[in-house]
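Undergrad: In the working numbering, the protein residues as written are 21 to 304.
The structure is given below, and queries will be raised subsequently.
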Amino acid sequence: MISVEGLYYSYSHDENYAVEGISFEINEGEILGFLGPNGAGKSTTQKVLTGLLPLQKGKVFIAGEDIMKVSKSFYNRIGVSFEQPNVYMKLTGYENLKFFASMFDVPTEDPYELLRLVGLEDAANMKAKEYSKGMLQRLVFVRSLINRPMIWFLDEPVSGLDPTAAAQIKELIKHKKEEGVTIFLATHNMHVAEELCDRVAFINAGKIILIDTPRNLKLRYGERLVRVEYKSNGKIKRELLSMTETADIEKLNTLISSGKLETIHSMEASLEDIFIKVTGRELV
Ligand SMILES: Nc1ncnc2c1ncn2[C@@H]1O[C@H](COP(=O)(O)OP(=O)(O)OP(=O)(O)O)[C@@H](O)[C@H]1O
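Dropping the structure here:
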């Protein structure tokens, strides 16, 4: 559904690249997460893919269309949600959605229904300038659904939202995926990436370092550890043992056969642990 090959972008039109030779594909109905710290190149990639920035170098095909020569109908098929709320402050939430809907020539969603989906139904007739930051973010988010897009670009969809609002937004994203929507999701939040994404691309300094399912990333790069509790001289001792180091494996076997083992839990590396391991950088 989305195919990107050798994409470069430089704001200064020189060798100083914000995005440097990235390639990836997103299949129909798949959520691909772009996981990386601030300045990694996530938003720049999203902007080039959605036509907000011109394609300087590389090939991008979206739903079969070369983005160098997209038709007008291309914009009917994509939805874009931004990290920074960019709405008309003097218009109400409802008017913002109604106005945005008028820019498409395909059937659009009912603004009230969209506002209801993100708990803004009571604020429908309030001017956007009276909205809180989280409310504005939810408004921008549902605005991106107005044209019923089949390809959806989301930049930090839940950052800064309270847990209830974040859960609501995540459920909506899962629901859209089930409907077959193809989703590009940029985030620096490993929990969001892990919960929502079929595959995750680690992006750092403009380059994709790894791309795979969260499970495969953990199996391939996460150190496998077990946390054990066992009896020793009448007391409970806790220890972390590696599943790859011989001495630790022997110790675990001894604990099991001696009957001293009280509890055992496998410990998974987090996506952030793996990100740090392969890039040397933290996500935040
Ligand atoms: N308008 C701009 N002009 C010049 N440089 C820019 C501009 N926007 C971004 N950059 C630079 O491009 C690089 C990639 O930034 P980008 O915004 O794509 O990163 P990001 O991963 O989306 O991070 P963030 O979450 O902070 O937006 C950074 O070095 C950033 O400083």
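Glycine included, each C-beta is placed from N, C-alpha and C at the ideal position.
All of these numbers come straight from a predicted model, not from anything done at the bench.
With a floor of 4 residues, list each alpha helix (DSSP H) that falls wholly inside the region 162-214, ordered by position along the chain.
TA: 183-198, all fully within the region 162-214.
Undergrad: Could you check what DSSP says for M287 in three-state terms: helix, strand or coil?
TA: DSSP places M287 in strand when its eight states are reduced to three.
Undergrad: Let me check understanding here. Comparing Cα to Cα, which of N58, L69, I51 lies closest to L27?
TA: Residue L69 is the option with its Cα nearest to L27.
Undergrad: May I have the straight-line CA-CA distance separating Y114 from L261, to the nearest angstrom?
TA: Their backbone Cα atoms lie some 56 Å apart in a straight line.
Undergrad: Return yes when the C-beta of G71 is under 7 Å from any heavy atom of ligand 1, and no when it is not.
TA: Flag unset: Cβ of G71 not near ligand 1.
Undergrad: If I measure Cβ to Cβ from K206 and keep anything under 6 Å in the same chain, skipping five residues before and after, which residues do I get?
TA: For the sequence presented, residue 206 should be read as Ala rather than Lys. If we look at A206 and ignore the five residues flanking it on each side, its Cβ neighbours are F54, K62, Q66, D175.
Undergrad: Which residues share a DSSP beta bridge with Y250?
TA: K257, L281, per the DSSP bridge assignment.
Undergrad: For S179, which option in K197, I171, M155 has the closest C-alpha, if you only look at C-alpha atoms?
TA: Answer by Cα proximity: M155.
Undergrad: Who pairs with K79 in a beta bridge, going by DSSP?
TA: Answer by DSSP bridge pairing, in chain order: E25.
Undergrad: Span of the alpha helix (DSSP H) holding R136?
TA: Unbroken alpha helix (DSSP H) run through R136: 131-137.
Undergrad: Is the beta carbon of I87 closer than 8 Å to that of F204?
TA: The answer is no: Cβ separation not under 8 Å.
Undergrad: Where E50 and I189 are concerned, what is the direct C-alpha to C-alpha distance, given to the nearest angstrom?
TA: Going from the Cα of E50 to the Cα of I189 covers about 17 Å.
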